[in-house]
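Protein chains in written order, with the numbering used here: chain A, 156 to 657; chain B, 3 to 333.
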């Protein structure tokens, strides 16, 4: 116990490591804030950069970058309606309306504090219950992943805003985009029209940047002459009362974040969207409606995606299995530094586990500090004249789209989806479901096929499998309930029940 | 003024050309990694390259270019100038592109700089599997046809080659559940979603050590140094000797036509880097067998590998085009 504490404190007490975590966090916030510059990319560059270093400093820098990057994505989502990372898509939905009302400072303040809370809960679960959670996560069978994806698809209802029909169209469009390219399971080409260009599929990041960045820039051209919203410079750090008010919700959404983060194959993006949906479901009377700047709509995704960081480390530390793309790279880094990540790591090298927990919590604190300072400067971005802002957004979008795969083609995809997204926006088609569809397309498709192949392509056996497994059954019932609760049938049943009771 | 500028630029260009011929490298070398960040190719390349940079006295900027089973990266390097400043860091997959219908280029368009190491295939099962050895597994499959679930990673991947070897010697009535790579498949194995996975030894060695998966047999002629107690396939089934040793490998390549000076310098640099103790330890820890070969030796290895594997896949009915159409001779 005492040893664990010593390892935990290593990073807090050695000035060099402290500095590196801080540096990483600061850099991560900016990497995360720029759409297209992803944390995954930054961490993989750091592997070569820190190759000759000792393992502690190298990991310190990477963990700082990871934590900062996950949080940084919210910045541009709130200020410009352009999520810096996929996990900040849900943040834009209520964050940007707040910025338009001149409350960008408040929005960033709350986001920062709640990200800290979410991060803390994620780390806590990692420290206390890692083996438990990883056993649970390992138990997910292909059919469970498939049901989870179906559950995700049902979020279309939450993300559509106005017309559900348009939302469903957008979601289906996203799923189709996700299916383009060489199918990785069978190497069969799908929707490629026999062109080399389409074989690699459509880069999801290019779609996201186009749909959110370019289409937003084009949309802003309509208001080129309207003066920018003056931002209120009042209290930025939220009061304890505000934090306490959202604490129960953030506990729930953090739990969603940790579990989704711990599942190998799902990460912060899905966690944030599910948390947003959850908040919308449980918040009975929001002060401001969702989609127009509801605080709950900020709290939920931001707690969830930061909690997912701790979650992603759970299978990595206990089993050597990555919880997401960044932890996959970190496993590579541990190998390079002579460690063998796997089920034996916790037994052979308990110091590494507690060191990582310590570094994560330190990074979380730095995130809070860096996040709360300099907000006023950041909010000035929104007050910039549009003639400066729009070209800037376009430039960032192009750089971002190129940087993902160093491919010019991705820029064309991005611009194409940007123009398309502009027209969708113009005709009131929601863009969120498109991205949701792209994210979930592979999860749904691959796992459905795995599940049905495993059951020798027999549907009765497939349903038998669902009914006999408690986990699958729970997910299945959740899917049914959520689906039914979104149909008009539910409303009539509920009102009839209410009448009977009265 | 402008004339001065032009002559200056021309002069600069001239000196640069001369410099290329004499002291390569004069600028950054671009290293294109065929697979994603965090994968085994990525780890190997990022571990060996800093050592090579030291010998070269220049820097190699590595970037991951994924997609098309590595074909995107291969085509990118094939389309770049053959000046030694764009280097392909890849794995074995391109040797099967032609027969799998994935592209019209393979390593015959490239000059090997160094083939660093090769992996050894191993058959692992879940800890609760009702069999513990290869013969027991075959007997169990015989009694329970169509019940045992094998993980696979799509045609051309290691599992497909290993199962092609098995099914060329015996009937194999099992379910193949496809995964994106051996990482996700081994995760599924530990969670009980599949029963058996043909994997590269390095990916499973930690799980075996911890008892979360059970080794059945190593697909090699000699036992592995990392897992000396696991029997080799040839100890029970000598008919496999014809295919072995076989394994995925990692190599650094440049486009054909690259100046000899650049090829020689790069080869020397990677040969020395591959002898670094850190790198050797890393490869041993991950269960890879060091090769560190270049020149004609590397070329001969590539030719033999391609002949063996392409025809094995063809005999198993997994190819789209016969190897004979590309002049790949039957071994």
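Backbone N, C-alpha and C fix where the C-beta goes; we use that ideal spot for every residue, glycine too. No experiment lies behind these values; they were computed from the predicted model shown.
Inset, instruction - Below 7 Å CB to CB, which residues in the same chain sit around residue 103/B once its five sequence neighbours on both sides are set aside? - result: Numbered from its first residue, the second chain carries residue 103/B at position 101. Cβ within range, chain order: 322, 323.
Legend entry - the segment 504–513 of chain A contacting the segment 164–176 of chain A, beta-carbon criterion three pairs below 8 Å: yes
Legend entry - Status (buried if at least 16 other CB within 10 Å, exposed otherwise) for residue 249/A: Sequence index remark: in the first chain, residue 249/A carries index 94 (1-based). Buried is the call here.
Inset, instruction - Look up residue 31/B in the DSSP assignment and give the residues it is bridged to. - result: Taking the first residue of the second chain as position 1, residue 31/B is located at position 29. Partner(s): 62/B.
Inset, instruction - May I ask you to list the residues that DSSP assigns as paired with residue 153/B? - result: Translated into the one-based positions of the second chain, residue 153/B becomes position 151. In the DSSP output, where bridge partners are listed per residue, residue 153/B has 179/B.
Legend entry - Beta-carbon spacing of residue 234/A, residue 217/A below 7 Å: Residue numbering aside, residue 234/A sits at position 79 when the first chain is read from its first letter. Residue numbering aside, residue 217/A sits at position 62 when the first chain is read from its first letter. Cβ atoms of residue 234/A and residue 217/A: not closer than 7 Å.
Inset, instruction - Could you list which residues in chain B have their beta carbon closer than 7 Å to that of residue 295/A, in chain order? - result: Taking the first chain and counting its residues from 1, one reaches residue 295/A at position 140. Simply 193.
Inset, instruction - Could you check which residue in 195/A, 587/A, 483/A has the C-alpha nearest to that of residue 247/A? - result: As a first step, residue 247/A is located in the first chain; it is residue number 92 there, counting from the start. For residue 247/A, the nearest C-alpha among the options comes from 587/A.
Inset, instruction - For chain B, find out if any of its Cβ atoms is closer than 7 Å to the Cβ of residue 199/A; answer yes or no. - result: One-based indexing of the first chain puts residue 199/A at position 44. With 7 Å as the cut-off, residue 199/A counts as an interface residue toward chain B.
Inset, instruction - Would you mind stating whether residue 82/B and residue 43/B have Cβ atoms separated by less than 7 Å? - result: Stepping through the second chain from its first residue, residue 82/B is reached at position 80. Stepping through the second chain from its first residue, residue 43/B is reached at position 41. Going by C-beta atoms, residue 82/B is not nearer than 7 Å to residue 43/B.
Inset, instruction - Could you tell me the distance, in whole angstroms, from the CA atom of residue 65/B to the CA atom of residue 420/A? - result: As a working mapping, residue 65/B is identified with position 63 in the second chain. As a working mapping, residue 420/A is identified with position 265 in the first chain. Residue 65/B and residue 420/A: Cα-Cα distance of roughly 23 Å.
Legend entry - Collapsed DSSP secondary structure at residue 325/B in the structure displayed: Numbered from its first residue, the second chain carries residue 325/B at position 323. Residue state, collapsed to three classes: helix.
Inset, instruction - Could you please tell me which residues of the segment 293–309 of chain B, in chain order, have their CB closer than 8 Å to any CB of chain A? - result: none
Legend entry - Interface flag, residue 35/B vs chain A, CB-CB below 7 Å: Your numbering for residue 35/B matches position 33 in the second chain. Judged by the 7 Å Cβ criterion, residue 35/B is not in contact with chain A.
Inset, instruction - Identify each residue in the segment 140–164 of chain B for which the Cβ-Cβ distance to at least one residue of chain A is less than 9 Å, and report them in chain order. - result: 148, 149, 151, 154, 155, 156, 157, 158
Legend entry - Listed by chain order, chain B residues near residue 498/A by CB distance under 7 Å: The residue you call residue 498/A lines up with position 343 of the first chain. Per Cβ cutoff of 7 Å: 208, 209, 212, 214.
Inset, instruction - Using beta-carbon positions only, say whether residue 462/A and residue 273/A come within less than 7 Å of one another. - result: Translated into the one-based positions of the first chain, residue 462/A becomes position 307. Translated into the one-based positions of the first chain, residue 273/A becomes position 118. Cβ atoms of residue 462/A and residue 273/A: closer than 7 Å.
Inset, instruction - Determine whether the Cβ of residue 48/B lies closer than 7 Å to any Cβ atom of chain A. - result: The sequence position of residue 48/B within the second chain is 46, counting from 1. Yes, contact with chain A.
Legend entry - Residue span of the beta strand (DSSP E) that contains residue 216/B, given as start and end: As a working mapping, residue 216/B is identified with position 214 in the second chain. Note, residue 216/B: beta strand (DSSP E), 216–220.
Legend entry - Chain-order list of residues whose beta-carbon lies under 7 Å from that of residue 207/B (same chain, five-residue window excluded): The residue given as residue 207/B occupies position 205 in the second chain. 228, 229, 289.
Legend entry - Anticipated Cβ contact below 8 Å, residue 264/B with residue 86/B, distance rounded: Here residue 264/B refers to the residue found at position 262 of the second chain. Here residue 86/B refers to the residue found at position 84 of the second chain. Right, their Cβ atoms sit about 3 Å apart.
Inset, instruction - Please report the Cβ distance between residue 583/A and residue 317/A, rounded to the nearest whole angstrom; I am assuming they are in contact, meaning their Cβ atoms lie under 8 Å. - result: Stepping through the first chain from its first residue, residue 583/A is reached at position 428. Stepping through the first chain from its first residue, residue 317/A is reached at position 162. Rounded, the Cβ-Cβ distance is 6 Å, consistent with contact.
Legend entry - Neighbour list for residue 31/B in chain A, Cβ cutoff strictly below 9 Å: Here residue 31/B refers to the residue found at position 29 when the second chain is read from its first residue. In chain order: nothing, as chain A lies at least about 13 Å away.
Inset, instruction - Ignore the nearest five residues each way along the sequence and tell me which others in residue 356/A's own chain have a CB closer than 6 Å to its CB. - result: Your numbering for residue 356/A matches position 201 in the first chain. Same-chain partners within the cutoff: 335, 336.
Legend entry - Among 527/A, 579/A, 564/A, 602/A, nearest to residue 350/A - alpha-carbon criterion: If you number the first chain from 1, residue 350/A lands on position 195. Among 527/A, 579/A, 564/A, 602/A, the Cα nearest to that of residue 350/A is on 564/A.
Legend entry - 7 Å Cβ cutoff, residue 60/B in contact with chain A: Sequence index remark: in the second chain, residue 60/B carries index 58 (1-based). Taking Cβ atoms only, chain A never reaches closer than 7 Å to residue 60/B, which makes this a no.
Inset, instruction - Output, in chain order, the set of chain A residues within a Cβ distance shorter than 9 Å of residue 102/B. - result: Stepping through the second chain from its first residue, residue 102/B is reached at position 100. Under the 9 Å cutoff, chain A gives 342.
Inset, instruction - Determine the chain B residues that contact residue 195/A at a beta-carbon separation under 7 Å, and present them in chain order. - result: Position 40 of the first chain, counted from the start, is the residue given in the question as residue 195/A. Chain B residues near residue 195/A: 39.
Inset, instruction - Determine, using beta-carbon pairs with one atom in the segment 248–267 of chain A and one in the segment 376–392 of chain A, whether at least three such pairs fall under 8 Å. - result: yes
Inset, instruction - Give the straight-line distance between the Cα atoms of residue 533/A and residue 27/B, rounded to the nearest whole angstrom. - result: Locating residue 533/A in the first chain gives position 378, counting from the first residue. Locating residue 27/B in the second chain gives position 25, counting from the first residue. Taking the straight line from one Cα to the other gives about 43 Å.
Legend entry - Length of the line joining the Cα atoms of residue 416/A and residue 655/A: The residue given as residue 416/A occupies position 261 in the first chain. The residue given as residue 655/A occupies position 500 in the first chain. C-alpha separation (whole angstroms): 43 Å.
Inset, instruction - Measure from the alpha carbon of residue 561/A to the alpha carbon of each residue in 280/A, 523/A, 590/A, 193/A, then state which is nearest. - result: Counting from 1 along the first chain, the entry for residue 561/A is found at position 406. The candidate whose alpha carbon is nearest that of residue 561/A is 193/A.
Legend entry - 7 Å Cβ cutoff, residue 602/A in contact with chain B: Within the first chain, the letter at position 447 stands for residue 602/A. No, its Cβ sits nowhere closer than 7 Å to a Cβ of chain B.
Inset, instruction - Specify the secondary structure class of residue 393/A as computed by DSSP and reduced to three states. - result: Residue numbering aside, residue 393/A sits at position 238 when the first chain is read from its first letter. Three-state result, residue 393/A: coil.
Inset, instruction - Find the nearest neighbour of residue 260/B within the set 59/B, 37/B, 88/B, judged by alpha-carbon distance. - result: On the second chain, position 258 is the one that residue 260/B refers to. Ranking the options by Cα distance to residue 260/B, first place goes to 88/B.
Inset, instruction - Would you please verify whether the beta carbon of residue 179/B is less than 7 Å from any beta carbon of chain A? - result: Counting from 1 along the second chain, the entry for residue 179/B is found at position 177. By this cut-off, residue 179/B is an interface position.
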